[in-house]
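Notes to accompany the following structure.
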Amino acid sequence: MSISKLSSWGHYPYAPQTGRAPGWRESVQAALRDAGERFGTTLPFGNGRSYGDSCLAATDQVVVLRGLDRFIAADWKTGVVRAEAGVTLGEVLALTVPHGWMLPVTPGTQFVTLGGAVANDVHGKNHHVRGTFGRHVRRFSLLRSDREPLECASNEHADLYQATIGGLGLTGIIEWVELQFMPVASSHLATQTIPFANLDAFLALSRELDAQHEYGVAWIDCLGRGASLGRGIYMCANHASDLCFETPRRHVRDVPFAPPWSPVNRYTLKLFNEFYYRREAAKAGTAVVDYASYFYPLDNIQNWNRLYGRRGFQQYQLVVPDASARDALYAFLDAIASMNAGSFLAVLKRCGPLVSPGLLSFPMQGISLALDFPQYDARNTALFARLDAIVREAGGRQYPAKDAHMSGDDFRAAYPAWQALEQLRDPALMSRFWLRTTR
Amino acid sequence: MDKNILIVGGSSAIAVACAREWVKGGANFMLAGRHATRLEAVAQDLRVRGAGRADTFMLDVNNFDQHSAMLDAAISKLGHIDIVLLAHGTLSDQSECERDPQAAVREITVNALSTIALLTLLACQFEVQKSGSIVVISSVAGDRGRPSNYVYGTAKAAVTTFCEGLRARLFKSNVKVLTVKPGFVDTPMTAGLALPGPLVASPERVAADIVRAVARGKDSIYTPWFWAEIMLVIRALPGFVFKRIPL
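Here's what the structure looks like:
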C-alpha cells in the first residue's frame, strides 16, 4: 500500500512525504530494505504528530507504520501490554482504562503512535513524578536494514535500547513496544484550577502543588504586558477514587481545510487569550473531569493545525534548568511581547529530576515552555534568533520533536550524545532534521 | 451472551474492522484464510481485546474440498455459529482478465464460485440450527457491468443474486442473509488505485454499518449509505447511454 502527501503537524517545512505502508509485522523489514535500496535512505513515519522536520525523510520517502495497529498481549494482573508500533495512545487507553490501567506518561495528544512516543521519548503533565515515556518501556523489537530483527531492553542490546528511546526513528523501525501501565483508582481526574498573576506566582504554585499532585501544568498568556506579563492558569490533578473506568465519548469538531490566510494573527490572538483567560479563570477551584478533557483538550478539534493556514506554524519548546529558569522565562516573554509575536496556547510545565534511559531525551530538571508561532519567515527568523540565545545562555535546550529551525551548533551542544546515536544509526535511515543539525 | 463468529478472509481489512466491533459486545472467533501469520496476528489482537477465544484455520477458498473441514473445525471450536462473515476476495486486474481467459476464470472462481460453494455448505448447517446470520461482502461493482472492472463485477453480481435466493430459502428457517455492497474502501486491496477521495470510506466506517445491519437483521445494505443514491442513478441509466460512459 502506498500513501502520498504526508506532512508533519506544523506543515513547516512543507515537504510532502510518500510512503509505503506495510500492513503486517512480517512485511516491515522488506519495506525498509526495499526503500533503502531504491532511494538510499528512508524514515519510519507514525501518525505525523511531530511538528517540524524530525519526521520527514531526507529523501521524502517514508515507511508508514500506522497499519501496524494490533495488540499482541496484555496481562491485566501486572499491567504489561505489548502492541504493534502503529497503535495510537488513544487506542491503547480505550483498551486499558476499563481494566484500571492508565498510560504512565501521556503527551498532550492521544493521536501519537507508540513507536512515535518511544522515538521522541515524549513526556507529560506528570514528568515531575514519572519522568518520560521511555522510562516505562520494558522492551521493544527493532528492525534494521543491516542486521536481523532484535529485541531491546535495558539489559539486552542496551546500547540500541538507549539510542532508540528519543532516537527520532533513526536507529531502526520499532515493530512493537511492551509498556508497563500504571494502576489508577479512576479514569476521572480531580482537578484544581488556580489563576496566577505572573511567572513568579507560577513558579511558587508549581513548586508547592506539583509535589502533592500526579499532574501539573499551566497555560500562560504570552501577550500580557507589564503587570500581567506571564499571567495564566495553573491546573493540577490527581486521579479520583470513584472506581469509574470509562473511555470518554468525544464531541469532535473538524477543521476541514487550511484557509489560504491564517485567521491566527496578533489581534485574534489577543482576543482569544483574553477570552480563554477569563473563561478558565472563572473555573477556578476544584472539579472532577474525564481524563481526556484534562490531557487532550485540543484533540476535540480535529486538524486544528489547519487554523494556521497553508503557511503552517512552528512550535518552539524549550526547557531551562531551575537555577536560570526565572530570568530566562521573563526574558523570553519580553522578547515575544516586544515583537508582537504570540501564541494560542503557551504551555508551562515544571520538569522533574527523573532521568530517562534515552540518549537524546529532551526534558531536564527545570521549567519547560511550549509556544506556537504562525509561520512568517522574516519575523520568525529574527524572533527565534533572540529566543535561541536566551535558551543557550540559560543552559537549556530545545525539543527536536517540535523543531524546524534549531541550528546544528545549538543541537550538538545541547545533545552531546548525538554522536553516540549517529554511531548506532541505521545506514538506511535519515531525516531532514538529522541532516540539518548534524552535517 | 458472547457471539460465535466464523470469518472467511479473516485478515482482510473489512473483516478485521468488523471483528473489532463485534468483540466489544463479547465474541468468540474462528478466522479462516490463506496467511497463517496474519491470521494469528489478528487472532492475538482479538484475544487481547477480550475475545473469549480466537482460533485460526488455514484455508484456500479455491480448494473447495477444504470447505467442509473448515466448517467442522468451526463447529468443534465454537459449537453453535451465530454469525458467518464471508470477506475473502481479490480485486481483479481487469486488463489481464481481458487478455487471458485463465485469469478471468480464476477471478470468477475466487470471487464467486468459492463463495457460492461456501454458502451452499453453510446454508445446510444454518438450516439445521435454525438461527444465525450469514453476511456476505459483495460490491457495488455487481450492480452494473462497467468496462473498468466487469469481471470482478460479474462475480459480485453472481454473489448478490445467489444471496437473494438464499435469503428467501433460509427465511423459513429463521436465518438472516445480509448482502453488503461497499463502495470504494481504503484497504490494501484498493491500494495503488486512483480513487476519488471524498467517496473513499475507511474499513472502520464500513464495519460499523455492517455490524449495525446485522444487529437489525437487514437484507442488503450499501455502505457508506450514499452509494445507494449513486447506484440508483447508475442502475437507471439506459444501456445506450451507459455503454458510452467510461466508468
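These protein sequence lines map, in sequence, to chains A and B. End of the first sequence = 436 in my numbering, gap-free, step of one. End of the second sequence = 251 in my numbering, gap-free, step of one. The beta carbon of each residue, even a glycine, is placed where N, CA and C say it ideally should be.
Proximal chain A residues relative to Q106 of chain B, where beta-carbon distance stays under 7 Å
Your numbering for residue 106 of chain B matches position 102 in the second sequence. Here the premise fails: no neighbours, minimum Cβ distance about 27 Å.
Under 9 Å from the C-beta of P192 of chain B: neighbouring residues of chain A
Position 188 of the second sequence, counted from the start, is the residue given in the question as residue 192 of chain B. Per Cβ cutoff of 9 Å: M(-2), A18, G20, G64.
In chain A, which residues lie less than 7 Å from A45 of chain B when you measure between Cβ atoms?
Within the second sequence, the letter at position 41 stands for residue 45 of chain B. Correct list: W21, R22, R67.
Which stretch, first to last residue, makes up the beta strand (DSSP E) that contains R457 of chain A?
Given a span of -2 to 436 for chain A in the structure shown, any question on residue 457 of chain A remains unanswerable.
In whole angstroms, what separates the C-alpha of S47 of chain A from that of P318 of chain A?
What you label residue 47 of chain A is simply residue 50 of the first sequence in a count that begins at 1. What you label residue 318 of chain A is simply residue 321 of the first sequence in a count that begins at 1. Taking the straight line from one Cα to the other gives about 24 Å.
In terms of alpha-carbon separation, which member of B:P151, B:P200, B:A212 lies closest to G243 of chain B?
Residue numbering aside, residue 243 of chain B sits at position 239 when the second sequence is read from its first letter. Here the closest residue by C-alpha is B:P151.
Proximal residues to T227 of chain B (C-beta, below 6 Å), its chain only, five neighbours per side dropped:
Position 223 of the second sequence, counted from the first residue, corresponds to residue 227 of chain B. Answer for T227 of chain B: P186, V210, D213, listed in chain order.
For the segment 37 to 104 of chain B, which segments carrying the alpha helix (DSSP H) assignment without a break, of at least 4 residues, lie completely within its bounds, in sequence order?
40 to 52, 71 to 82, 98 to 103
Select from the segment 41 to 74 of chain B all residues with a C-beta closer than 8 Å to any C-beta belonging to chain E, and list them in chain order.
The chain labelled as chain E is not found among the protein chains of the depicted structure, namely A and B.
Taking 7 Å as the limit between beta carbons, can you name the residues of its chain near G83 of chain B, skipping five residues before and five after?
Taking the first residue of the second sequence as position 1, residue 83 of chain B is located at position 79. Closer than 7 Å at the Cβ level, and outside the excluded window around G83 of chain B, lie N8.
Note down, in chain order, all residues in the segment 248 to 280 of chain A with a beta-carbon under 8 Å from any beta-carbon belonging to chain B.
none
4-residue-minimum alpha helix (DSSP H) runs that sit fully inside the segment 209 to 297 of chain A, ordered along the chain
263 to 278, 288 to 292
Measure the alpha-carbon distance for A45 of chain B versus R67 of chain A and round it to whole angstroms.
If you number the second sequence from 1, residue 45 of chain B lands on position 41. If you number the first sequence from 1, residue 67 of chain A lands on position 70. If you take the alpha carbons of A45 of chain B and R67 of chain A, they lie about 7 Å apart.
Would the beta-carbon of A114 of chain A fall within 7 Å of that of F130 of chain A?
Looking up residue 114 of chain A in the first sequence gives position 117. Looking up residue 130 of chain A in the first sequence gives position 133. Yes; because the gap between Cβ atoms is below 7 Å, this pair is in contact.
Beta-carbon proximity check, T41 of chain B vs E23 of chain A, cutoff 7 Å
To locate residue 41 of chain B, count along the second sequence from 1; it is residue 37. To locate residue 23 of chain A, count along the first sequence from 1; it is residue 26. Cβ atoms of T41 of chain B and E23 of chain A: closer than 7 Å.
How big is the Cα-Cα spacing for W21 of chain A and G64 of chain A?
Taking the first sequence and counting its residues from 1, one reaches residue 21 of chain A at position 24. Taking the first sequence and counting its residues from 1, one reaches residue 64 of chain A at position 67. One C-alpha to the other measures close to 7 Å.
How would you write the range of the alpha helix (DSSP H) that D197 of chain A sits in, first residue to last?
Locating residue 197 of chain A in the first sequence gives position 200, where the first residue counts as 1. Looking at the DSSP string, the run of the alpha helix (DSSP H) that includes D197 of chain A is 196 to 206.
Under 7 Å between C-beta atoms, does A71 of chain A make it to chain B?
As a first step, residue 71 of chain A must be located in the first sequence, where it is residue number 74. So yes, A71 of chain A belongs to the interface.
Since L176 of chain A meets chain B, which of its residues come closer than 8 Å, beta carbon to beta carbon?
For the purposes of this step, residue 176 of chain A is taken as the residue at position 179 of the first sequence. The contacting residues do not exist; L176 of chain A stays about 13 Å from chain B at best.
Output the distance between the C-alpha atoms of L89 of chain B and D407 of chain A, rounded to the nearest integer angstrom.
For the purposes of this step, residue 89 of chain B is taken as the residue at position 85 of the second sequence. For the purposes of this step, residue 407 of chain A is taken as the residue at position 410 of the first sequence. Between L89 of chain B and D407 of chain A, the C-alpha separation is close to 58 Å.
R429 of chain A, enclosing beta strand (DSSP E) - first and last residue:
The count along the first sequence starts at 1 and reaches residue 429 of chain A at position 432. Careful: R429 of chain A lies outside any beta strand (DSSP E), inside the alpha helix (DSSP H) at 429 to 435.
Alpha-carbon to alpha-carbon, V189 of chain B and R389 of chain A
Looking up residue 389 of chain A in the first sequence gives position 392. Looking up residue 189 of chain B in the second sequence gives position 185. So the alpha carbons of these two residues sit roughly 51 Å apart.
Return the residue from the list B:L75, B:G169, B:K222 that minimises the CA-CA distance to M34 of chain B.
Your numbering for residue 34 of chain B matches position 30 in the second sequence. Ranking B:L75, B:G169, B:K222 by Cα distance to M34 of chain B puts B:L75 first.
DSSP-derived helix/strand/coil call for L366 of chain A:
Position 369 of the first sequence, counting from 1, holds the residue named residue 366 of chain A. Residue state, collapsed to three classes: strand.
For W173 of chain A, write down the residues that DSSP places opposite it in a beta bridge.
Taking the first sequence and counting its residues from 1, one reaches residue 173 of chain A at position 176. Answer by DSSP bridge pairing, in chain order: A:E81, A:S138.
In chain B, which residues lie less than 8 Å from L92 of chain A when you measure between Cβ atoms?
The residue given as residue 92 of chain A occupies position 95 in the first sequence. Residues of chain B passing the Cβ test: V52, R53.
DSSP state of L438 of chain A, grouped into three classes?
Because chain A is modelled from -2 through 436, residue 438 of chain A falls outside the range shown and cannot be assessed.
Taking its Cβ as the centre, do 16 or more other Cβ atoms sit within 10 Å of N337 of chain A, making it buried, or is it exposed?
Taking the first sequence and counting its residues from 1, the one referred to as residue 337 of chain A is at position 340. Counting Cβ neighbours within 10 Å, N337 of chain A comes out exposed, since fewer than 16 surround it.
Where R222 of chain A and V261 of chain A are concerned, what is the direct C-alpha to C-alpha distance, given to the nearest angstrom?
On the first sequence, residue 222 of chain A is found 225 positions in, with the first residue counted as 1. On the first sequence, residue 261 of chain A is found 264 positions in, with the first residue counted as 1. Rounded to the nearest angstrom, the two C-alpha atoms are 19 Å apart.
Pop quiz: A304 of chain B and F68 of chain B are said to be a contact at Cβ under 8 Å. What is the actual Cβ separation, rounded to whole angstroms?
It is not possible to answer for residue 304 of chain B, since the shown part of chain B is limited to 5 through 251.
List the endpoints of the continuous beta strand (DSSP E) containing A338 of chain A.
The sequence position of residue 338 of chain A within the first sequence is 341, counting from 1. It is not in any beta strand (DSSP E) - A338 of chain A carries neither H nor E in the DSSP assignment.
Can you list, in chain order, the residues of its chain with a C-beta nearer than 8 Å to that of N178 of chain B? Leave out the 5 residues immediately preceding and following it.
Taking the second sequence and counting its residues from 1, the one referred to as residue 178 of chain B is at position 174. Answer for N178 of chain B: K134, S135, listed in chain order.
Proximal residues to T3 of chain B (C-beta, below 6 Å), its chain only, five neighbours per side dropped:
Nothing about residue 3 of chain B can be reported from this structure: the residues present for chain B run from 5 to 251 only.
Residues bridged to F33 of chain B (per DSSP):
Reading the second sequence from its first residue, position 29 is the one you call residue 33 of chain B. Paired residues: B:I9, B:A58.
How about G306 of chain A and P256 of chain A: do their beta carbons lie closer than 7 Å?
The sequence position of residue 306 of chain A within the first sequence is 309, counting from 1. The sequence position of residue 256 of chain A within the first sequence is 259, counting from 1. Going by C-beta atoms, G306 of chain A is nearer than 7 Å to P256 of chain A.
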